[in-house]
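All residue numbers for the sequence shown refer to full-length UniProt numbering, where the first residue is 1 and numbers rise by one.
For every residue, glycine included, the Cβ atom is placed at its ideal position computed from N, Cα and C.
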Amino acid sequence: MHSWPGSTYPLGATFDGNGTNFALFSEVAEKVELCLFDNRRREKRVELIDVDAYIWHAYLPQVQPGQRYGYRVHGPNDPKRGQRCNPKKLLLDPYAKAVDGELKWNQSLFGYEFGKPEKRNDADSAKSMMLGVVTNPFFDWTGDRHPRTPYASTFIYEAHVKGLTQTLPGVPDEIRGTYAGIGHPAVIDHLVKLGVTAIELMPVHQFVNDGTLQEKGLSNYWGYNTIAFFAPHNAYASTGQRGEQVQEFKAMVKALHTAGIEVILDVVYNHTAEGNHMGPTLSMRGIDNAAYYRLVDDDPQYYMDYTGTGNSLNVGHPHSLQLIMDSLRYWVLEMHVDGFRFDLASTLAREFYEVDKLSTFFELVQQDPVVSQVKLIAEPWDVGPGGYQVGNFPPQWTEWNGQYRDTVRDFWRGEPATLGEFASRFTGSADLYEHSGRRPVASINFVTAHDGFTLRDLVSYDEKHNEANGEDNRDGESHNRSSNLGVEGPTDDPEILTLRARQQRNFIATLLLSQGVPMLSHGDELGRTQQGNNNVYAQDSELSWIDWEHADQPLVEFTAAVAKLRAEHPTFRRSRFFDGRPVRQPEGGPVPDIVWLRPDGTVMAPEDWDAGFGKAIGVFLNGEGIRERDRRGERIVDRHFTILFNAHDDTVEFTIPKHEFSPEWEVLIDTAGSRADSAPIQPGETIPLEQRSLVVLRQHDPSPDEVDHSVAASLSAMVGASRDGVSAPKAEAGK
């Protein structure tokens with residue numbers, strides 16, 4: 001095997017059309033061997049002679065795409081001092097762009113002997129390791145364009161590659177659960193129908209299935225256990241694992257872009273699958289342990305753990321930071337993704353001990369001409385001290401708003417004294433984001449996500465039911481802010497079924513009409529259930545996959561129609577926070593941009609926020625101050641809206657606001673289905689708002705519009721139970 005002096009950049013294995021350059025960083029290494037494997041998994045070692053600035057490199061002119069490889073690093077092995085090199089352990093390249101195979105869990109993967117952690121284990125791990133793969137970087141991106149949807153117009157759909165596609169009719173069996181499945185027209189058509197503008201994929205970086213889960217017959221379904229930050233997870237590829245997964249992922253992105261849908265990746269840079277001091281030696285631990293991981297200062301055999309997974313990446317080291325930034329750029333430039341959601345992002349701000357939003361990582365992101373231009377979403381917490389950082393990320397970032405989730409859940413389950421908080425969350429959480437110069441779009445609003453109850457389970461269970469996870473129901477969140485509305489789990493009671501269906505519509509309508517960026521968890525629009533399990537991280541089964549056969553089609557129609565309403569009316573997609581100041585109107589006096597209303601139609605006073613009607617409220621949204629250009633480039637002005645909320649378990653009489661807001665109102669949405677196709681409503685008129693329901697009124701325009709009757713029907717959502725009655729009822733024919 002011929003070996004020429006290579007280049008220190010780029011790191012990883014880089015095919016240039018002729019041969020392949022290999023480059024690996026290790027400051028502690030005394031010797032590095034590149035290990036090449038043939039189709040029979042026979043190993044050939046090539047010593048990397050050249051080293052510059054701690055980067056070991058070589059160019060091999062005979063190595064082509066598809067070649068599998070790994071490294072053996074010779075160096076100090078003294079775990080008590082944080083040194084864990086062992087050439088008997090085959091190591092995965094941190095920059096591997098594709099990975100072949102999976103781990104075969106046994107003693108050889110560990111640097112110590114089971115039962116004797118102080119004794120070094122020199123069993124060779126090559127037969128049990130996954131291997132890096134040299135990839136072909138060339139792909140026909142002709143015609144591909146990033147949709148670059150503005151945040152204000154974005155509608156995010158959080159999805160799992162396998163869970164979304166595994167049972168979807170119309171997707172061929174051989175590509176279900178894969179990148180090709182996501183790119184199939186059956187999936188894309190569904191997303192387009194919903195009005196989704198961005199799909200946020202749960203982790204697709206190559207991850208590891210835990211041995212302890214496999215022993216229980218379970219698996220790491222969610223994928224928050226990354227081992228290679230450049231490689232698309234090989235089990236999600238239908239075409240092969242020798243680089244084909246890269247081509248398949250790119251084809252998926254191109255297909256989604258063609259439909260105008262952005263691709264956002266849920267990325268896990270806060271820790272790796274190597275775990276704590278008792279974990280396996282798979283990659284960075286054996287390459288340069290102290291450079292890649294945060295070690296305990298006064299006892300470096302142990303790892304700082306801000307994630308609850310055993311280790312934390314050392315974001316205070318320049319090469320760890322380079323690894324993260326190189327990975328982010330790679331996924332944007334080479335894989336054409338449009339943004340990232342950072343798991344436990346507070347960990348990345350821990351350059352030292354405390355969370356610091358001015359840490360080097362955030363400075364690098366802000367200055368990077370590539371990464372700074374895509375969507376950056378933080379999960380703004382970790383398990384370390386001071387880790388809950390909602391509202392404290394830099395201005396360039398948006399955040400999963402956990403306070404929105406908690407408040408909206410509390411409101412609709414009828415918790416008292418949440419009106420002020422609810423008003424703040426519904427209007428974009430100015431209290432969290434305005435102080436840093438951010439806009440309402442800084443708030444990524446969600447009611448449910450992968451972690452927790454599905455929407456249907458949120459209205460069907462008071463308690464978690466995680467027995468299938470094998471942890472005696474101790475895992476998962478116990479305080480779910482849910483309400484089963486009278487019966488735990490499935491029921492045949494028509495009243496309860498009707499309320500559950502209504503509550504799902506209430507949550508979806510609230511989410512899609514709030515200021516900020518809505519995020520819907522996959523399957524919530526279909527009435528998906530996990531049978532009360534709120535922690536399906538290890539459940540790769542029908543329990544976690546979407547059940548497309550029993551999809552709640554009326555709820556799909558309702559979701560699509562409300563999303564269309566949001567898309568067509570910039571009043572629900574404001575670029576600035578409300579300030580309560582008057583807005584000039586063509587006729588009459590100025591009216592404030594927002595007015596909060598009592599059920600009697602009068603304006604809320606400060607003392608009213610804690611009054612006895614604290615579960616019912618109305619809000620007037622002034623459309624006069626909202627202007628944007630339509631597809632023809634013409635300036636349009638929106639109409640006024642009034643939204644009435646009733647979270648009581650009784651009917652509440654609402655008085656329609658006075659004439660200056662609008663001479664007439666038309667009902668667009670009634671989640672109780674009582675006012676389908678009703679005549680215009682007059683100011684001062686009193687209407688009964690049924691228990692746990694929401695009504696959206698729009699300023700009436702006497703000039704007739706073309707009406708999409710299917711949309712009108714889905715918004716009306718007539719009373720009656722669908723399938724087993726838990727989800728939204730079917731609309732009446734002809735509406």
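How would you call residue i, buried or exposed, if buried means at least 16 neighbouring beta carbons within 10 angstroms?
| i | result |
| --- | --- |
| Arg-68 | buried |
| Glu-467 | exposed |
| Thr-642 | buried |
| Ala-713 | Note that Ala-713 scores a pLDDT of 44, beneath 50, so its modelled location is shaky; the value from the coordinates is reported in the next line. Flag for Ala-713 reads buried. |
| Gln-166 | buried |
| Gly-523 | buried |
| Ala-731 | In this prediction, Ala-731 scores a pLDDT of 34, lower than 50, which makes its location untrustworthy; the coordinate-derived value is nonetheless stated afterwards. So Ala-731 counts as buried. |
| residue 738 | The requested residue 738 is not part of the displayed model; the chain covers only 1 to 735. |
| Pro-688 | exposed |
| Arg-40 | exposed |
| Gly-12 | buried |
| Glu-706 | Caution is warranted here: a pLDDT of 49 is assigned to Glu-706, below 50, making its placement in the model unreliable, and no coordinate value can be reported. |
Alpha carbons only, please: which of the options is nearest the one belonging to residue i?
| i | options | result |
| --- | --- | --- |
| Ser-514 | Thr-529, Ala-567, Arg-474 and Asp-552 | Ala-567 |
| Ile-444 | Phe-207, Gly-420 and Glu-158 | Glu-158 |
| Asn-225 | Ala-259, His-184, Ser-238 and Pro-280 | Pro-280 |
| residue 803 | Gly-240, Arg-120, Asn-311 and Val-134 | Look at the range of the chain in this structure, 1 to 735, and you will see that residue 803 is not part of it. |
| Val-695 | Gly-70, Asn-506 and His-160 | Asn-506 |
| Ala-273 | Asp-173, Gly-310 and Leu-555 | Gly-310 |
| Ser-429 | Ile-546, Thr-398, Pro-599 and Trp-412 | Thr-398 |
| Glu-102 | Ser-128, Met-304 and Leu-90 | Ser-128 |
| Asn-534 | Arg-598, Gly-527, Ala-616 and Asp-451 | Asp-451 |
| Pro-702 | Ile-546, Pro-680, Arg-120 and Leu-90 | Pro-680 |
| Arg-84 | Pro-94, Pro-61, Tyr-71 and Tyr-112 | Tyr-112 |
| Pro-318 | Tyr-292, Pro-147, Ala-616 and Gly-614 | Tyr-292 |
| Trp-105 | Leu-282, Asp-78 and Arg-481 | Leu-282 |
| Leu-511 | Ala-560, Asp-540 and Glu-471 | Ala-560 |
| Pro-217 | Gln-539, Ala-442, Val-315 and Glu-43 | With the sequence shown as reference, residue 217 is identified as Gly, and Pro is not the correct amino acid for it. Checking every option, the nearest Cα to that of Gly-217 belongs to Gln-539. |
| Asn-622 | Leu-36, Pro-657, Ile-261 and Pro-599 | Pro-657 |
| Ser-153 | Pro-440, Gly-618, Leu-697 and Glu-463 | Pro-440 |
| residue 736 | Gly-308, Arg-176 and Asn-276 | There is no way to answer for residue 736, as the model of the chain reaches only from 1 to 735. |
| Ser-312 | Gly-384, Asp-368 and Thr-258 | Gly-384 |
| Asp-50 | Gln-247, Gly-70, Phe-25 and Arg-81 | Phe-25 |
| Arg-120 | Leu-348, Gly-17, Pro-79 and Leu-92 | Pro-79 |
| Tyr-71 | Leu-295, Leu-34 and Gln-682 | Leu-34 |
Excluding the 5 residues flanking residue i on each side, which residues of the same chain have their C-beta closer than 7 Å to its C-beta?
| i | result |
| --- | --- |
| Leu-256 | Gly-183, Ile-188, Ile-199 and Val-263 |
| Ala-449 | Glu-158 and Ser-521 |
| Tyr-388 | Trp-381 |
| Glu-434 | Phe-577 |
Which residue or residues does DSSP assign as beta-bridge partners of residue i?
| i | result |
| --- | --- |
| Trp-56 | Leu-24 and Val-51 |
| Tyr-151 | Note: Tyr-151 sits in no beta bridge, so no partner. |
| Asp-78 | Gln-83 |
| Met-325 | The partner list for Met-325 (beta bridge, DSSP) is empty, contrary to what the question assumes. |
| Asp-100 | Leu-131 |
| Trp-609 | Answer is none; Trp-609 lacks a bridge partner. |
| Asn-643 | Strictly speaking, residue 643 in this sequence is Ile, with Asn absent from that position. Per DSSP, Val-619 and Val-696. |
| Tyr-69 | Leu-36 and Gly-132 |
| Trp-4 | Tyr-59 |
| Leu-265 | Leu-201 and Phe-340 |
| Thr-14 | Asn-21 |
Can you list, in chain order, the residues of its chain whose CB lies under 8 Å from that of residue i, leaving out five sequence neighbours each side?
| i | result |
| --- | --- |
| Ser-372 | Val-365, Gln-366 and Gln-396 |
| Val-603 | Val-595, Trp-596 and Leu-597 |
| residue 753 | What is shown of the chain runs 1 to 735, which leaves residue 753 out entirely. |
| Gln-107 | Glu-113, Phe-114, Asn-121 and Ala-123 |
| Asp-493 | Gly-486 and Val-487 |
Which same chain residues end up closer than 6 Å to residue i when comparing Cβ atoms and leaving out the 5 residues on each side of it in sequence?
| i | result |
| --- | --- |
| Ile-626 | Pro-570, Thr-571 and Asp-638 |
| Thr-427 | Gln-515 and Phe-578 |
| Val-253 | Val-263 and His-336 |
| Ser-436 | Pro-395 |
| Phe-645 | Ile-617 and Leu-694 |
| Asn-209 | Ser-219 and Asn-220 |
Under 8 Å, with one C-beta from each stretch per pair, do the region 91-104 and the region 129-143 reach the 3-pair mark?
yes
Are at least three pairs of beta-carbons, each pair with one atom in the region 273-288 and one in the region 24-34, less than 8 Å apart?
yes
Taking 8 Å as the threshold, find out whether the region 417-424 comes into contact with the region 607-624 through three or more Cβ pairs.
yes
For the region 56-63 against the region 6-13, are there 3 or more C-beta pairs whose distance is under 8 Å?
yes
With three or more C-beta pairs closer than 8 Å as the rule, is the region 319-332 touching the region 215-235?
yes
Would you check if there are 3 or more beta carbon pairs closer than 8 Å linking the region 373-382 to the region 398-409?
yes
Does the region 453-467 come into contact with the region 478-498, if we say contact requires no fewer than three beta-carbon pairs (one atom in each stretch) closer than 8 Å?
yes
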